[in-house]
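Take a look at the structure set out below.
In our numbering, the protein residues as written are 6 to 439.
See below:
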């Protein structure tokens with residue numbers, strides 16, 4: 006058994022649906038017990054210390070232990086176009102994304118990028134991610150191989166694109182199905198990996214391609230589905246032109262059997278009440294990607310409205326249109342989006358979206374999302390004095406809520422001191438000698 010002593014913070018429930026006293030678990034002097042890759046105990050040090058026995062104790066006093074962060078939308082093949090100047094979504098794809106993704110036909114490039122990508126996630130405290138690969142099967146093979154080597158909980162899929170994409174980035178209904186079935190057979194359920202059927206978005210897929218994706222999902226209800234929805238106004242107009250019989254953008258996916266439990270739709274910036282109600286009724290989820298939406302000028306996601314209709318919501322960095330791998334920094338940007346909508350995001354709700362809320366969006370809350378006994382021991386150790394400014398600001402915080410809020414606004418990768426996957430340390434920050 007391993008034991009970790011420090012301040013511990015995690016969410017037991019959605020704080021918008023109950024009181025903070027019931028939703029928030031905080032132990033100023035806490036103890037986390039890990040055995041066999043799972044949480045064996047979590048609570049006040051004074052209460053759990055008698056259970057230590059001969060356990061190896063790691064003293065993290067002065068640090069904050071939280072569940073690992075969950076990224077519900079990110080593009081592995083876009084790491085080299087992060088912070089690329091451009092216009093809005095469709096132009097940005099043509100100018101930057103598609104050329105970058107073409108390189109992932111090369112297995113060596115894909116393998117090198119996969120190692121960097123996963124190391125960057127861990128360096129930022131992200132322990133679970135739902136990931137887009139490129140259209141090339143080798144890109145997803147490379148990503149799964151690296152994730153498996155780290156015993157990381159990761160869900161990914163090859164992008165489906167059989168139209169409206171450059172040469173070299175399109176597949177066919179037949180080749181995409183064969184690729185998906187091979188990837189599912191090789192990787193889904195291996196270690197902590199999962200497969201996601203991944204239509205890039207409706208514009209890039211023919212009716213036959215979307216119908217095939219729905220057939221695979223019907224045959225394999227244990228896999229996931231991920232795509233983009235209502236991100237950009239030009240995208241919405243083009244989708245309506247290509248699918249004139251559909252009631253709206255959401256109905257395009259629903260009509261092909263892609264709206265269901267374990268379906269995650271990135272962005273949903275321009276959805277309204279009725280669409281949110283239908284999404285919730287089918288148990289779909291949304292990935293809220295504030296840095297990407299701001300960077301591309303897509304719009305402001307109506308978080309409060311989505312939640313009011315019972316939609317499950319997680320947080321996505323959406324690298325490369327998103328501008329950071331840091332979920333904590335992304336939460337700070339989510340707050341700013343809320344401010345522009347006159348809906349300030351509560352810091353405990355923000356942490357919920359990044360942990361237990363993200364787990365629920367992925368239908369994984371029985372395994373990850375908080376530090377309750379029995380859950381997989383994915384957790385991060387945060388250095389609250391990682392920068393002089395952060396140390397000064399947090400030392401003056403009067404409440405836990407104030408400290409957490411300041412952390413989300415000021416934090417970046419420097420705040421992550423250690424990242425653990427299934428109880429094994431997979432990242433430790435190297436600090437300059439003092």
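All C-beta atoms in this analysis are idealised placements derived from N, C-alpha and C, irrespective of residue type, glycine included.
Item	Value
Among 204, 299, 385, which one has its Cα closest to the Cα of residue 257?	204
With C-beta atoms as the reference, is residue 255 less than 8 Å away from residue 230?	no
Is residue 127 closer than 8 Å to residue 329 when the C-beta atoms are compared?	no
Secondary structure at residue 177, three-state DSSP: helix, strand or coil?	coil
On the DSSP bridge list, what partners appear for residue 270?	232, 291
Let's test the definition: count the other Cβ atoms within 10 Å of the Cβ of residue 379 and tell me whether it reaches 16, buried, or not, exposed.	exposed
Use the C-beta contact count for residue 154: other C-beta atoms within 10 angstroms, 16 or more gives buried, fewer gives exposed.	exposed
Leaving out the 5 sequence neighbours to the left and right, which residues in its chain are closer than 7 Å to residue 213 when beta-carbon positions are compared?	178
Quick one: Cα of residue 81 to Cα of residue 116, how far?	11 Å
Just mark residue 49 as buried or exposed, buried being the case when its beta carbon has 16 or more other beta carbons within 10 Å.	exposed
Any contact of the segment 58–68 with the segment 296–304, i.e. 3+ C-beta pairs under 8 Å?	no
Hey, could you find the ends of the beta strand (DSSP E) residue 104 is sitting in?	First-last for residue 104: 103–107, but that is the alpha helix (DSSP H), not the beta strand (DSSP E).
Would you mind reading off the limits of the beta strand (DSSP E) that contains residue 220?	Not the beta strand (DSSP E): residue 220 falls in the alpha helix (DSSP H), residues 212–224.
How far does the beta strand (DSSP E) with residue 167 in it reach, from first residue to last?	Here residue 167 belongs to no beta strand (DSSP E), and DSSP marks it neither H nor E.
Count the other CB atoms within 10 Å of the CB of residue 52; is the residue buried (16 or more) or exposed (fewer)?	exposed
Return the Cβ separation of residue 84 and residue 30 in integer angstroms, given the expectation that the two are a contact with Cβ distance under 8 Å.	In fact, because the Cβ distance is near 35 Å, the residues do not count as touching under 8 Å.
Going by the DSSP bridge assignment, what does residue 14 pair with across the sheet?	31
Determine the direct distance from the alpha carbon of residue 45 to that of residue 1, and round the result to whole angstroms.	Because the chain here runs from 6 to 439, residue 1 falls outside it and cannot be looked at.
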